[in-house]
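Report on the following structure.
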Amino acid sequence: MKKTLALVFAILLLAVSLVGCGGAGGEKTTIHLLNWGEYLEPTLIDQFQKENPDIIVKFTNTTSNEEMYTVCATEGTEIDIVVPSDYLVERFINEDLLAELDLNNIPNFKYVEEVSKTRTFDPESKYSIPYMMGTVGIVYNKTLVDEPVDSWDILWDEKYSGQILMYDSIRDSMMVALAKLGYDINSTNPEEIAKAGELLMQQKPLVYAYLTDEIRTSMIGGSVALAVDYSGAAVGAIQENSDLDYVVPKEGSNVWVDNLVVLKSSKNKEAAERFINFLCDPEVSKKNSEYIGYTTPNAEAMKMIDPELLENPAYPISSDVIDRCEYYKDLGDDLSLYNDVWMKLRTAG
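Residue numbers (mature numbering (1 follows the signal peptide of the UniProt record, and there is no 0)): -20 to -1, 1 to 329.
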């Protein structure tokens, strides 16, 4: 009887230990993803977890690159994977916050490799993998604008006074002014930055509002004629209102790539790389891109994208657009020059 009880007790202990380790399959690894809102197709995490039952993915939302940086630079953060924009990747690299990726764990990298090589901040993909890409341009209502839209100049046309929306972002609005003046959109020249600020100040009486996500709603509703916005947001707006169109002006603009990176502090690097590899799968990337509305850098996924989406003027990014656009660079301390100009603009009566 004692031997029998001891055996039963041993079996119970084993069962309890297996439950504590996530079941017979062994202990589960939890990876924490810090990503933008509405920037991942909702069913993909469940799909990944079914295909990888030993990994749990927890999603945390962020609203800006600045907030993302603060979370990631905080000692003791549990975040493993982050989706930063190009210039933030550069800052992360400069501050030694990123882990070097093992591309052997990301075989699907081959599908995004060509786009990866164009990224001036990490052309060898040592620290980052392209996730989604897009441009900054002008969304306009063809029933309210009676001329060709091909230049930033139209945003200073007085006949559209009160019908112009500017993006409430230092880098994006300053980029528009710098490009219109023919300057480098990453300029650190104080005189050029001051002139760009003066140009935005001249434009301010024509601007109805400085907005972000609300731009899409306003354009769909047909209440304004012109707006500066991201290509992915423009895709959604055009799908809702066929009177809308999108253009990247001839003077050039910002082309950007949001990226998948793993923090150096991550204790689950291999599991994180498996999730990145999953997101680079062509079928997954296609599904994700069609939901988000931003262009996938995945060459194989692009072959499968819904033809209707490919016909949307804001979705495909042609080589000639890329040729006249630039990535944003990390401005370091020189960003204060932009901040000073922006504060004067936003506080001016």
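We put the CB at the ideal spot given by N, CA and C, even for glycine.
Residue environment, residue i, which counts as buried when at least 16 other CB atoms sit within 10 Å
i, result
"N60", "The question names Asn, but residue 60 in the sequence shown is Asp. Flag for D60 reads buried."
"P185", "exposed"
"N41", "exposed"
"E70", "buried"
"G329", "exposed"
"P22", "exposed"
"P33", "exposed"
"F39", "exposed"
Whole-angstrom distance between residue j and residue i, CA atom to CA atom
i, j, result
"V241", "L20", "15 Å"
"E80", "V125", "49 Å"
"N278", "I86", "13 Å"
"T43", "E31", "29 Å"
"V109", "K139", "The sequence given here has Ile at residue 109, not Val. Between I109 and K139, the C-alpha separation is close to 44 Å."
"H12", "I35", "11 Å"
"A281", "V187", "39 Å"
"Q219", "R196", "11 Å"
"K230", "V119", "14 Å"
"G117", "D261", "29 Å"
"N84", "E93", "14 Å"
"I256", "L145", "36 Å"
"residue 330", "M284", "Only positions -20 to 329 of the chain appear in this structure, which leaves residue 330 out of reach."
"D130", "K122", "13 Å"
"D303", "T115", "12 Å"
"A205", "L191", "14 Å"
Three-state secondary structure assigned by DSSP to residue i
i, result
"D310", "coil"
"N15", "strand"
"V92", "coil"
"V301", "helix"
"D320", "helix"
"Y107", "coil"
"residue 335", "The first residue shown for the chain is -20 and the last is 329, placing residue 335 beyond what the model contains."
"L325", "helix"
"S245", "coil"
"L240", "strand"
"M113", "strand"
Reference residue i; option with closest CA among the options
i, options, result
"G232", "Q143, D82, G162, N74", "G162"
"V227", "K267, S269, D300, T98", "D300"
"L325", "D225, L24, S149", "S149"
"residue 330", "Y274, L191, L224, F258", "No answer is possible for residue 330: the residues shown for the chain start at -20 and end at 329."
>> To test your reading of the DSSP string, which unbroken alpha helix (DSSP H) runs of 4 or more residues are found completely within the region 30 to 98?
In response: Uninterrupted alpha helix (DSSP H) stretches at least 4 residues long and entirely within the region 30 to 98 occur at 45 to 53, 66 to 74, 93 to 97, given in chain order.
> Which parts of the region 175 to 228 are runs of the beta strand (DSSP E), unbroken and 3 residues or longer, counting only runs that do not cross its ends?
Replying inline: Runs found: 187 to 191, 206 to 210, 224 to 227.
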